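Contents: one structure, followed by commentary.
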Amino acid sequence: LETLKITIEKNGYVRLQDVPKALLPVANRPVLSYVLELLEASNLKDVIVVVAGQDAAVRVGGWISEAYHDRLHVEVAAVPEDVGTAGALRAVARHLTADDILVVSGDLVCDVPPGAVAATHRRQEATVTALLCSPPAVGPSEAGSSAGGKDKAKRPGLVNIIGLDSTHQFLLFVASGEKDLRIQRSILRATGQ
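Okay, structure coming up:
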């Protein structure tokens with residue numbers, strides 16, 4: 035049995051050491067289990083799990099083969115710890131042979147079936163489809179979470195800026211930026227704001 039190191043810091047937060055992010059417990063289950071079960075429920079059975087770091091990849095792969103050995107076909111690929119999503123995709127590009135590729139964050143917990151997202155993507159003949167949600171009114175982002183990715187974890191105060199068309203069906207712009215955003219009045223007037 036593996037030992038889990040737990041540190042209780044001055045501020046009262048519990049820090050889990052030596053646990054890959056994908057295996058961090060959420061409601062007594064590894065967070066990755068929510069994603070894998072969501073994919074399985076949508077009959078998406080061929081999965082590549084990309085993990086930062088070789089040691090973490092071995093641990094995640096061991097857990098997956100034990101928990102999902104007869105349910106999913108999962109390949110685990112290790113990438114360097116300092117790459118973001120685009121770098122991780124480049125690292126596994128030779129394995130991405132399907133016409134449509136679904137990229138899902140390993141810490142996603144939601145109830146939107148990925149099969150429905152994929153069906154919409156195909157029906158609209160889209161180049162890219164993004165599933166977005168509103169940020170919580172109070173939650174992890176205000177408590178110092180790095181939900182915006184590796185760059186934002188290093189530079190607090192940055193947020194995702196996402197521009198949609200007036201129908202909320204077309205993604206026009208995605209960037210990281212300061213929490214306080216200045217927009218010219220003429221642009222706001224042009225959009226009816």
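Going from the sequence shown to my numbering is simple: count from 1 and add 34.
C-beta atoms are modelled at their ideal positions from N, C-alpha and C, and glycine is treated no differently.
Since the model is a prediction, treat every value here as computed from it, not as a measurement.
**Prompt:** How should V83 be labelled, buried or exposed, when 16 other C-beta atoms within 10 angstroms of its C-beta is the threshold for buried?
**Reply:** buried
**Item:** Candidates I196, A111 and G149, of which the one nearest V126 by Cα
**Value:** A111
**Message:** Buried or exposed, going by whether 16 or more other CB atoms sit within 10 Å of the CB of G140?
**Reply:** buried
**Prompt:** Looking only at C-alpha atoms, which of D134, L106, Y68 and L192 sits nearest to E159?
**Reply:** D134
**Request:** Might you give, ordered along the chain, the residues of its own chain that have their beta carbon closer than 8 Å to the beta carbon of P148, omitting 5 neighbours on each side?
**Result:** L72, L73, S76, L78, L136 and V138
**Message:** Does S76 come out as helix, strand or coil in the three-state DSSP assignment?
**Reply:** coil
**Request:** Express the C-alpha separation of P54 and F207 in angstroms, rounding to a whole number.
**Result:** 32 Å
**Message:** Could you tell me the alpha carbon to alpha carbon distance between I217 and G197, rounded to whole angstroms?
**Reply:** 12 Å
**Request:** Find out if the Cβ-Cβ distance for the pair V108, V81 is shorter than 8 Å.
**Result:** yes
**Request:** Using 10 angstroms around the beta-carbon of D185, count the other beta-carbons present and answer buried if the total reaches 16, otherwise exposed.
**Result:** Reliability fails at D185, whose pLDDT of 48 lies under 50, so the model's placement of it is uncertain and the value that follows must be treated cautiously. That one is exposed.
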